[in-house]
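Structure, as structure tokens:
Numbering (UniProt numbering), first residue to last: 1 to 251.
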């Protein structure tokens with residue numbers, strides 16, 4: 001199946017429950033295959049990570065568009081849930097909806113020991129649990145994890161920009177019901193080749209108004225290096241001493 005994804009259609013008919021044949025919109029002569037769903041892509045990544053790790057990394061590096069997005073998200077779920085030190089840059093904004101980058105820093109995430117799916121946001125988030133919505137269209141986030149003083153919310157994307165909506169952030173934070181001492185941080189996790197140029201943009205409802213919950217949210221762009229998956233597979237954990245790991249890895 002791996003050799004067929006993103007290539008000219010040549011897979012046997014039995015593979016079509018997992019892959020969809022997509023033809024171009026002009027003359028339908030060129031065809032390529034894509035995963036049938038995000039679930040199929042994730043199961044493919046799980047198995048391939050065990051059996052053909054380097055092939056997954058190579059496929060990610062050579063793919064683009066929707067295919068890359070479907071592969072990138074499950075790979076980064078694996079990487080982020082293992083914790084460690086990540087390269088990140090904070091993003092600030094003003095009342096005119098102008099965004100600018102701050103000073104690059106190292107983001108330290110604790111390793112999660114459990115992964116849980118939810119339909120409704122848990123009222124009390126447990127530490128060291130990597131939470132993911134059951135619905136693939138859950139608004140604003142793809143996963144989150146909570147520590148003592150922070151709640152890290154992740155949105156994976158292979159696009160070159162994202163729009164922010166204050167009403168969606170308000171709804172998310174009302175659902176999370178975080179204590180006042182906990183700082184919510186929204187991380188846009190992007191591939192290494194998008195990191196330098198990735199931009200946040202003001203949506204129709206932006207910036208947040210005074211006293212709205214969305215004003216609490218800190219914004220970051222995180223360099224999501226999928227080659228880091230190799231270290232996850234070898235050691236079972238990517239991290240530094242501060243994150244509970246046995247070594248430092250700065251990416």
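Where a beta carbon is used, it is the ideal one built from N, C-alpha and C, also for glycine.
Keep in mind it's a predicted model, so treat the numbers as computed, not measured.
Exercise. Could you round the C-beta distance between residue 226 and residue 76 to whole angstroms and report it? I think they count as a contact, below 8 Å.
Key: Residue mapping note: residue 226 aligns to position 226 of the chain shown, counting from 1. Residue mapping note: residue 76 aligns to position 76 of the chain shown, counting from 1. Yes, they are in contact, since the Cβ atoms of residue 226 and residue 76 sit about 7 Å apart, within 8 Å.
Quiz prompt | Buried versus exposed, by CB contacts within 10 Å (16 or more), residue 184 | solution = To locate residue 184, count along the chain shown from 1; it is residue 184. Classification for residue 184: buried.
Self-check item: Minimum length 3: unbroken beta strand (DSSP E) runs contained in the stretch 74-143
Solution: Runs found: 84-93, 99-101, 105-109, 114-118 and 129-133.
Quiz item: Which one or two residues does DSSP pair with residue 185 in a beta bridge?
Solution: Counted from its first residue, the chain shown places residue 185 at position 185. 152 and 218, per the DSSP bridge assignment.
Exercise. Decide if the stretch 154-165 is in contact with the stretch 186-197; the criterion is three or more beta carbon pairs, one per stretch, under 8 Å apart.
Key: Yes, the stretch 154-165 touches the stretch 186-197.
Exercise. Could you pull out every residue in the same chain whose Cβ sits closer than 7 Å to the Cβ of residue 206, ignoring the five residues on either side in sequence?
Key: Here the question's residue 206 lines up with position 206 in the chain shown. Residues 97, 164, 165 and 166 of the same chain have their beta carbon placed closer than 7 Å to that of residue 206, with the five preceding and five following residues left out of the count.
Quiz item: Just curious, the alpha helix (DSSP H) that residue 168 is in, first and last residue?
Solution: Along the chain shown, one-based indexing puts residue 168 at 168. Counting along the chain, the alpha helix (DSSP H) containing residue 168 begins and ends at 166-176.
Quiz item: What distance in whole Å lies between the Cβ atoms of residue 121 and residue 151, which are believed to be in contact at a cut-off of 8 Å?
Solution: As a working note, residue 151 is residue 151 in the chain shown. As a working note, residue 121 is residue 121 in the chain shown. Incorrect: roughly 11 Å between the Cβ atoms, too far for contact.
Quiz item: Between the beta-carbon of residue 138 and the beta-carbon of residue 222, is there less than 8 Å?
Solution: For the purposes of this step, residue 138 is identified with residue 138 of the chain shown, where counting begins at 1. For the purposes of this step, residue 222 is identified with residue 222 of the chain shown, where counting begins at 1. For residue 138 and residue 222, no; Cβs fall outside 8 Å.
Practice problem: Let me know the secondary structure DSSP gives residue 204 once reduced to three states. | Solution: Numbered from 1 along the chain shown, position 204 holds the residue referred to as residue 204. Coil, per DSSP.
Quiz prompt | Own chain, CB closer than 8 Å to residue 90, minus 5 neighbours either side, in chain order | solution = Stepping through the chain shown from its first residue, residue 90 is reached at position 90. Once the five neighbours on either side are set aside, the close Cβ partners of residue 90 are 101, 102, 103, 105, 218, 219 and 220.
Quiz item: Using the beta-carbon count (16 or more within 10 Å), is residue 94 buried or exposed?
Solution: Here residue 94 is taken as the residue at index 94 of the chain shown, counted from 1. By the 10 Å Cβ count, residue 94 comes out exposed.
Practice problem: Output the distance between the C-alpha atoms of residue 82 and residue 111, rounded to the nearest integer angstrom. | Solution: Residue 82 sits at position 82 when you count from the first residue of the chain shown. Residue 111 sits at position 111 when you count from the first residue of the chain shown. Approximately 5 Å between the Cα atoms of the pair.
Exercise. Please report the residue range of the alpha helix (DSSP H) in which residue 195 lies.
Key: Locating residue 195 in the chain shown gives position 195, counting from the first residue. Following the DSSP letters along the chain, one finds residue 195 inside the alpha helix (DSSP H) bounded by residues 192-195.
Quiz item: Nearest to residue 148 by CA position, among 107, 125 and 99, is which residue?
Solution: Counting from 1 along the chain shown, the entry for residue 148 is found at position 148. In terms of CA proximity to residue 148, 125 leads the group 107, 125 and 99.
Self-check item: Close Cβ partners of residue 113 (< 6 Å) along its chain, the five nearest in sequence each way excluded
Solution: Mapped onto the chain shown, residue 113 falls at position 113. So the qualifying residues of the chain are 128.
Quiz item: So residue 80 packs on residue 109, CB below 8 Å; how close in whole Å?
Solution: Start at 1 with the first residue of the chain shown, and residue 80 comes out as number 80. Start at 1 with the first residue of the chain shown, and residue 109 comes out as number 109. With 8 Å as the limit, residue 80 and residue 109 qualify as a contact, their Cβ atoms being about 7 Å apart.
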